[in-house]
Amino acid sequence: MKVVAFDIWGDYGHFRRFFTTSSPLTYSFPPPTAVRGIVGAILGLDKDAYLESTADLYVGVRILMPVRRVRWGQNLIFTKGRGGKFDPTLFGSRKGNVQGSVHTQVRVEYLKEARFRLYIGGEDALLNDLEALLREHRTHYTVSLGLSELLADFEYEGTHIAQPLPPGAYEVITVFPVEVLEDLSGALKEGGKFAKERVPVYLDFDRTPLLYQDVVLEVHGRAVQMRVKEMHQLDNGEVIYLWPPASTHIPASR
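Residues in the sequence shown are numbered from 2 upward in steps of one, following my numbering.
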């Protein structure tokens, strides 16, 4: 299988956890759903069509910089004016049905100096278009690390051939779901620092979440020696986990 790899980074990133409300928290890495959005931005796919267009692609994520978080207050303004018109001012008399203050402050969590390597696999012609754009450092839409204000840069890393591996002990460099893990004791003895996060993996074409998974990550981005049920190996020797396409993992989503 063909796999296109590229790095993406920025000063700050925010991939909102689905269970947070007034004080948004961020995932430590872009979930597969966000990666498909990044690919869609590079390719110029419409926001209502990119999920369907990228449904047959494999997705993998590697953390390249240690996970760092910062939090600060962010001022939000009630912008719904009378008659439903947009009104960015602070004049309460010009607002619509506002209760209380016309502005509020919430604490938002961000990733700081985040950098990731994204792996996109498949046999689709879409992959050829992605590779061509990455090589020329071009996109149709501006890419970001989650929020549109958090602009990102990117760099083409290479194109590889990936082969599936049988169950066994491997040095894995990407994040991976708990369900493929058989034994992590060796990595724990070596002093690895791990976290587990529950992330959305697939969205239906109307953006309804189809599947959540518990995902394991090494917070410093180090390679981890462990026993796993399934992985892929690239032609450069790297062992990575690739989330299968929604069309093969959840047939009902098609």
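Cβ coordinates follow ideal geometry from the N, Cα and C atoms, glycine included.
Secondary structure note for PRO33: its alpha helix (DSSP H) is the uninterrupted segment 33-44.
Shown here, VAL176 sits in coil according to DSSP, grouped into three states, outside any helix or strand. In this structure, the beta-carbon distance from ILE241 to THR175 falls below 8 Å. Measuring C-alpha to C-alpha distances from TYR203 to each of LYS194, TYR213, ALA196, LYS197 identifies TYR213 as the nearest. When secondary structure is reduced to three states using DSSP, TYR51 falls in the helix class. Taking a contact to require three or more Cβ pairs closer than 8 Å, the segment 49-69 and the segment 117-129 qualify as touching. When PRO32, VAL217, GLY14, HIS161 are compared, the shortest CA-CA separation from LEU112 is found for GLY14.
Distance from ILE43 to LEU185 at the Cβ level is roughly 34 Å; contact not present, criterion being Cβ atoms closer than 8 Å. Per DSSP, ASP8 lies in no alpha helix (DSSP H) segment; the continuous beta strand (DSSP E) that holds it begins and ends at 3-14. Under the three-state reduction of DSSP, SER145 is assigned to strand. Remark: fewer than three beta-carbon pairs, one from each stretch, lie closer than 8 Å, so the segment 32-39 and the segment 218-230 are not flagged as touching.
Secondary structure at GLY159: strand, using DSSP grouped into helix, strand and coil.
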